[in-house]
Amino acid sequence: MRKILLSVMIFVAFVANAQGHLKFKGVEINGSFKTFVANLEKRGCESGENFFGTFLVKADFAGIPMMVYPQVTSQTQTVYAVVAGTSKIEEEVSLNAQYNELKNLLSQKYGDGVKTTIADGYFRNAINVLERGNATKALLFESELGRIYLYIHKFNTYNEDGSVTIQYIDKANEQLRLREANTDI
Numbered sequence: 144m145r146k147i148l149l150s151v152m153i154f155v156a157f158v159a160n161a162q163g164h165l166k167f168k169g170v171e172i173n174g175s176f177k178t179f180v181a182n183l184e185k186r187g188c189e190s191g192e193n194f195f196g197t198f199l200v201k202a203d204f205a206g207i208p209m210m211v212y213p214q215v216t217s218q219t220q221t222v223y224a225v226v227a228g229t230s231k232i233e234e235e236v237s238l239n240a241q242y243n244e245l246k247n248l249l250s251q252k253y254g255d256g257v258k259t260t261i262a263d264g265y266f267r268n269a270i271n272v273l274e275r276g277n278a279t280k281a282l283l284f285e286s287e288l289g290r291i292y293l294y295i296h297k298f299n300t301y302n303e304d305g306s307v308t309i310q311y312i313d314k315a316n317e318q319l320r321l322r323e324a325n326t327d328i
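Heads up: the sequence shown begins at 144 in this note's numbering, then just goes up one per residue.
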């Protein structure tokens with residue numbers, strides 16, 4: 144009886160300490176960049192470089208064509224986040240429609256999102272860092288495995304051009320990224 148009880152306690156402790164990873168298109172946000180991209184390719188995504196030399200993945204995400212940019216830690220090159228964005232959308236109606244579609248799907252899985260602001264410099268859109276906080280309708284969805292940000296990124300304040308961007312941040316690997324960054328300082 145003691146052996147069974149001890150075995151159960153060890154199993155429960157192991158399960159409690161084992162942390163899973165947030166998934167993007169059914170692929171865990173974990174491992175090397177190359178492995179992560181290969182797993183996305185198995186799900187029908189295409190990879191390559193754009194004319195800026197930036198590595199990217201083309202994906203159909205929830206029925207919306209997007210460009211996907213895996214983010215890696217500085218030292219171990221472990222994928223800790225994924226940024227996916229639509230190409231430039233010129234009509235605000237289309238921006239809102241795609242944003243609302245993703246918002247509804249995320250809400251079904253993670254509950255209602257919390258309105259949030261986007262801090263300059265940390266979040267990327269498809270090509271560059273957000274400038275002057277030009278994001279509207281930003282929502283945060285949280286789970287025990289990480290955070291998901293959904294927002295509309297306006298390219299400038301003079302017209303309605305923009306993209307719908309979603310960012311998945313894996314909790315365990317974000318902590319790894321911070322530990323690695325601290326060793327650089």
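Ideal placement from N, C-alpha and C gives every residue a C-beta, glycine not left out.
- Around the Cβ of Q214, a 10 Å sphere holds 16 or more other Cβ atoms; the residue is buried.
- Taken through DSSP and simplified to helix, strand or coil, L288 comes out as coil.
- For S250, the three-state secondary structure derived from DSSP is helix.
- With contacts defined by Cβ atoms closer than 8 Å, T229 and Y223 do not form a contacting pair.
- Secondary structure note for A324: its alpha helix (DSSP H) is the uninterrupted segment 314-327.
- In this structure, R186 sits near V170, with a CB-CB distance shorter than 8 Å.
- Annotated three-state conformation of T178 is helix, per DSSP.
- Taking all protein chains in view, the Cβ of G305 is crowded by 16 or more other Cβ atoms within 10 Å, so the residue is classified as buried.
- Per the C-alpha coordinates, the member of T259, E317, V211, S286 positioned closest to E184 is V211.
- Counting of Cβ neighbours within 10 angstroms places R320 among the buried residues, the total reaching 16 or more.
- Within 10 angstroms of the beta-carbon of N247 lie fewer than 16 other beta-carbons, which makes it exposed.
- Cβ atoms of Y242 and I295 come within 8 Å of each other, at about 5 Å.
- Beyond the five residues adjoining it in sequence on each side, K280 comes within less than 7 Å, by CB distance, of Y242, Y294, I295 in the same chain, given in chain order.
- With fewer than 16 other CB atoms across the displayed protein chains lying within 10 angstroms of its CB, K258 is exposed.
- If you ignore the 5 residues before and after L165, its C-beta comes within less than 6 Å of the C-beta of I172, L288, G289, Y311, D313, all in its own chain and listed in chain order.
- According to the DSSP assignment, Q214 belongs to the beta strand (DSSP E) that extends over 207-215.
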